[in-house]
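> Residue numbers (UniProt numbering): 1 to 671. Just so you know, even glycine gets a beta-carbon here, dropped at the ideal spot from N, CA and C.
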Ligand SMILES: Cc1cc2nc3c(=O)[nH]c(=O)nc-3n(C[C@H](O)[C@H](O)[C@H](O)COP(=O)(O)OP(=O)(O)OC[C@H]3O[C@@H](n4cnc5c(N)ncnc54)[C@H](O)[C@@H]3O)c2cc1C
Ligand code: SF4
């Protein structure tokens, strides 16, 4: 093991290095950074200016993404290829969402209570601040939080309540489920999974995550926000994960190092925990590399788009939770999905739409469907007279039980939505993410403790020629932890049982029975058999493969925004506070960054599906007579809000979402 002094001095140097990187990231973002809630409130002329600035930046980026890389000088190559600094830690967690932070908190609780308190547990998070890349509903269940903080007093001083600060949670007081036609609504019988009244809480999950990060820090977890993790590190045989590397900072759009260049760092760890959330960029690679999906269905996804509103006091019903099916996802927009509206805090309302990404019609725009949904009286009546203060979008897992991959591989594991533990009919994944983090931490802690006991028994001769760092490296490369007990623990947990019980709900809508047949089958399995039915429906296709040719559909005409209830996409993007340096490499990669080749694969067949599914206006097909197709494909990567939809849905599967520089991306507020 590494000595305490070595750990402290290494931790200090690391902090200093990461602080420098972080500070640089913040400075770079200053020029156009208007907080989301304020950008939306700017007077119209300033808002126009703000949008123009965004457009200006995006145009520059679009040009940059088509530019061919300059030939680099030897000096530049030497700078880029310099050796990375390395740090050794016990547990390295990628992603500071509910799953990653629950893992970190539980690990340090165990270490502080039963161990030396010296285990180095680090969390690397790409958002500039913990919570600011988190998008959720969110109605959350308390059980996993009670397990994480068993000694904490619950909200209102009642131990049965959720152990989170009172001003962060709103107890659900009313549940509603409606079927919407274009102008009316009919009550639906709620499946038991959607009962929230009196037991679950409405929160802003990004606030909860911020709170969890504070708890983690108090326990001694090392937290590094503003750090994008870009690479998985393997041993020479490539059969073991030995850690990760962080993204280089300060590379310009042509690939050359800027004056601000800062080489990324390597973190070598006994155990690397991937907690990147839904469709994580590294988790995706690991699932392929270790064939973790060999015995499961393909993962399928939904896209969740939401806004937060301040509503008039007479419209506010604190604790109200509403869900809807039907409009607008009918007729030519037919798709699996539904809307939600949650009244929480002091006069705030979260309103959103989740749409299954297995929709067929490439003309569907999830963003426009969401805008349309708000014009329905069920939603409009509440929002009218209010003010939209925040906008966000994020993919979520819909594959459920059948799509859970193998959870471990030598040196690492997947937790939370990186693995795909969302309960689809509940639209809840926070409780299962936290639970998986707790189980992961318990398994890791026990295994490291056992391994240390064995190490102490090893004869000195075996390691005599090696210093501490070399011993550590030898251990993780040749004798990695293979944490099968984590998967066993998860499969024996209430979280797994819960996912098993609802396994047939989502696939009910992919059968030849149609929507009504799907509703009937889903109703049967949730209300009658409650998961005890002896069959399991399977999903065979990915969401990208479900997209049909444009020639089989007619274009959809969406109404113009009224700027009161509905908005254009750039106004919405301005409410996310998203920022990427205009002079940085485009993080949305297509092969050789050849945008014409991408357009050739997609334009004629799908008529611009990318510009429709992206909820941030990143992709554009612009008329251009000089191009063979008559259109030019552009990537306005500046606008990206990290929802991952393009990587999931593009039919040609040639868009690879990679991490941009640390600290880039949205600065979400109350989402
Ligand atoms: C619209 C919507 C509504 C939802 N509603 C609910 C609800 O009502 N109730 C509920 O319980 N759940 C809900 N969910 C699901 C819930 O939000 C997720 O299940 C939960 O957030 C999963 O937690 P996680 O920690 O696994 O992932 P996330 O919360 O996604 O956190 C992952 C973190 O990892 C970071 N990260 C990712 N990759 C990297 C990298 N390479 N380097 C560094 N950092 C990285 C991200 O920035 C992020 O902070 C909803 C989700 C959506 C999208
Ligand atoms: S570019 Fe991709 S990840 Fe970024 S906002 Fe658009 S669809 Fe989402």
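Starting from the N-terminal side, write out each stretch of the alpha helix (DSSP H) that is 4 residues or longer and does not extend beyond the region 162 to 249.
Counting only runs of 4 or more, we get 205 to 219.
> Could you spell out the range, first to last residue, of the alpha helix (DSSP H) harbouring residue 437?
That run of the alpha helix (DSSP H) goes 430 to 457.
> Could you check what DSSP says for residue 664 in three-state terms: helix, strand or coil?
Of the three classes helix, strand and coil, the one that applies to residue 664 here is coil, per DSSP.
> Would you tell me roughly how many angstroms separate the C-alpha atoms of residue 331 and residue 505, rounded to the nearest one?
In a straight line, the C-alpha of residue 331 is about 22 Å away from that of residue 505.
> Classify residue 150: buried if its beta carbon has 16 or more other beta carbons within 10 angstroms, exposed otherwise.
With fewer than 16 Cβ atoms within 10 Å of its Cβ, residue 150 is classed as exposed.
> Quick check: what's the CA-CA separation for residue 90 versus residue 411?
Cα to Cα, the separation comes out at about 11 Å.
> Could you please give the first and the last residue of the uninterrupted alpha helix (DSSP H) stretch that includes residue 99?
From DSSP, the alpha helix (DSSP H) with residue 99 extends over 98 to 114.
> Measure the Cβ-Cβ separation of residue 417 and residue 244 and say whether it is below 8 Å.
In this structure, residue 244 does not lie closer than 8 Å to residue 417 by Cβ.
> I want to check one thing, is the minimum distance from the CB of residue 616 to the heavy atoms of ligand 2 below 7 Å?
Yes.
> Around the Cβ of residue 577, are there at least 16 other Cβ atoms within 10 angstroms (buried) or fewer (exposed)?
The residue is buried, with at least 16 neighbouring Cβ atoms inside 10 Å.
> What ranges does the alpha helix (DSSP H) occupy inside the region 328 to 402, keeping only unbroken runs of at least 4 residues that lie completely in it?
Taking only runs of at least 4 residues, the alpha helix (DSSP H) segments lying wholly in the region 328 to 402 are 366 to 373 and 377 to 383.
> Quick one: is residue 670 buried, meaning 16 or more other Cβ sit within 10 Å of its Cβ, or exposed?
With 16 or more other Cβ atoms within 10 Å, it is buried.
> What are the boundary residues of the alpha helix (DSSP H) that residue 79 is part of?
Run containing residue 79: 74 to 80, per the alpha helix (DSSP H) assignment.
> Which runs of the beta strand (DSSP E) fall wholly inside the region 248 to 323 and span at least 3 residues, in chain order?
Segments of the beta strand (DSSP E) lying fully in the region 248 to 323: 249 to 251, 257 to 262, 265 to 274 and 301 to 310.
> Between residue 345 and the rest of its own chain, which residues show a CB-CB distance below 7 Å, the 5 nearest in sequence each way excluded?
Taken in chain order, the residues that qualify are 170.
> Note down the Cα distance separating residue 405 from residue 541, rounded to an integer number of angstroms.
Residue 405 and residue 541: Cα-Cα distance of roughly 16 Å.
> So, at 7 Å on beta carbons, what are the nonlocal neighbours of residue 228 in its own chain, with the 5 sequence-adjacent residues on each side left out?
Within the same chain, residue 228 has close Cβ partners 126, 246, 247, 659, 660, 661 and 662.
> Quick check: the region 546 to 556 against the region 359 to 376, are at least 3 beta-carbon pairs closer than 8 Å?
Contact holds: three or more Cβ-Cβ distances are below 8 Å.
> By the DSSP assignment, the beta strand (DSSP E) with residue 548 in it spans what residues?
Unbroken run through residue 548: none, as it is neither H nor E.
> What I want to know is whether the C-beta of residue 75 ends up closer than 7 Å to one or more non-hydrogen atoms of ligand 1.
The answer is no for residue 75.
> Do residue 279 and residue 402 have their beta-carbon atoms positioned less than 8 Å apart in this structure?
No. Outside cutoff.
> Quick test of your reading: residue 311 and residue 668, contact by CB under 8 Å. State the CB separation rounded to the nearest angstrom.
That belief does not hold up - the Cβ atoms of residue 311 and residue 668 are roughly 19 Å apart, past 8 Å.
> Is it a yes or a no for the region 298 to 305 touching the region 391 to 398, going by three-plus beta-carbon pairs under 8 Å?
Yes, since at least three Cβ pairs between the region 298 to 305 and the region 391 to 398 fall closer than 8 Å, the two stretches touch.
> DSSP on residue 490, reduced to helix/strand/coil?
Residue 490 falls in the helix class under three-state DSSP.
> Whose CA, out of 642, 649 and 297, lies closest to the CA of residue 666?
The residue with the shortest Cα to Cα distance from residue 666 is 642.
> Is it buried or exposed, residue 30, if we count other Cβ atoms within 10 angstroms and call 16 or more buried?
Residue confidence for residue 30 is low, a pLDDT of 36 falling below 50, so the modelled location carries little weight and cannot support an answer.
> Note down, in chain order, each residue of its chain lying with its Cβ closer than 7 Å to the Cβ of residue 513, except the 5 sequence neighbours on either side.
Contacts found: 521.
> Do three or more CB pairs link the region 619 to 639 to the region 369 to 378 at distances below 8 Å?
The region 619 to 639 vs the region 369 to 378: no contact.
> At what residues does the beta strand (DSSP E) containing residue 539 begin and finish?
Here residue 539 belongs to no beta strand (DSSP E), and DSSP marks it neither H nor E.
> Return the residue from the list 156, 212, 185 and 188 that minimises the CA-CA distance to residue 99.
Looking at the Cα atoms, 212 is the closest of the given residues.
> Using the Cβ count rule (16 or more neighbours within 10 Å means buried), how would you classify residue 158?
Counting Cβ neighbours within 10 Å, residue 158 comes out exposed, since fewer than 16 surround it.
> Ends of the beta strand (DSSP E) at residue 88?
Counting along the chain, the beta strand (DSSP E) containing residue 88 begins and ends at 85 to 94.
> Indicate, with yes or no, if ligand 1 has a heavy atom lying under 7 Å from the CB of residue 586.
Incorrect: residue 586 has no Cβ contact closer than 7 Å to ligand 1.
> At a cut-off of 7 Å, would you count residue 645 as near ligand 2, judging by its Cβ distance to the nearest heavy atom?
Residue 645 Cβ: within cutoff of ligand 2.
> Going by alpha carbons, who is nearest to residue 688 out of 518, 156 and 547?
Given a span of 1 to 671 for the chain in the structure shown, any question on residue 688 remains unanswerable.
> Would you decide whether residue 527 is buried or exposed? Buried here means 16 or more other CB atoms lie within 10 Å of its CB.
Its Cβ having fewer than 16 others within 10 Å, residue 527 is exposed.
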